[in-house]
Amino acid sequence: MKMLSKLVSGATAVVVVLAAGAISADANGSVRQNEKQAGAVRCLATSSRDNASGAEATSSVRRARGLPPVRANAKLAEAAARHACDMARRGVMSHRGSGTSGPSQRVRAVGYAPGITAENIAAGPFTHAAVHAAWEASTGHLANILIPQISEYGVGRAIGADGKTEYWAAVYSAPRARRH
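The sequence shown maps to residues -27 to -1, 1 to 153 in mature numbering (1 follows the signal peptide of the UniProt record, and there is no 0).
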């Protein structure tokens, strides 16, 4: 297996593990899997159970380092799922979406008002538990998980056209403070 981990522009990190096939990266930090397109992309809605499970895995890592836990947030999960789907449709793993430059724009598009936003993404043969373990083992991803100010979490995934590659996005955020 090949693994590529890279910190991309501030509070974003990517990891890709591919069992077969070549990978390439462009100047913007986008990682493309050179895969044969075999079928349709499967875009999956995040269940509240999966979102809660991801929030608990994230909270466990945070609590072990003296940080407060995060809560699962449905709007963040929706933004993450949309981005995972967008990456799968394009066959590219990138923090830039087809119509957005980063996670803050995506969470605003689903009605969430962020004070801070970070994102981890991955593509490969990952289960939910495996992608969280990979993020925890990566310095750049772990840094996002451990941002002290984050309080909410959402996760999403999509299956690539090859039927094997799972595209993941996790969004870590805190709502903008209300002004009095």
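Ideal Cβ placement from N, Cα and C applies to all residues, glycine included.
Every value quoted in this text rests on a predicted model; they were computed, and no experiment measured them.
DSSP places R38 outside both helix and strand once states are collapsed to three, so it counts as coil.
S20 counts as exposed, since fewer than 16 other C-beta atoms from the protein chains shown sit within 10 angstroms of its C-beta. Apart from the 5 residues on each side of it in sequence, L115 sits with its Cβ closer than 8 angstroms to the Cβ of V34, W108 and E109 in its chain, given in chain order.
Boundaries of the beta strand (DSSP E) around G127: E125 to I132. If you keep only unbroken beta strand (DSSP E) runs of at least 3 residues inside the stretch 61 to 116, you get 87 to 97. DSSP places L49 in the helix class (H, G or I) of the three-state scheme. Of the residues assessed, R38 falls on the exposed side of the cut-off, its CB having fewer than 16 other CB atoms within 10 angstroms. The beta carbon of L49 lies closer than 7 angstroms to those of V80, Y85, E125, Y126, G127, V144 and S146 in the same chain, with the five residues before and after it left out.
Beta-bridge pairing by DSSP links P148 to P87. Beta-bridge partners assigned by DSSP to C58: none are found. Contact annotation: E139 and R151 have beta-carbon atoms that are not nearer than 7 angstroms.
Residue pairing by DSSP places R15 opposite I132 in a beta bridge. For K137, same chain residues with a beta-carbon under 8 angstroms away, outside a window of 5 residues either side, are P98 in chain order.
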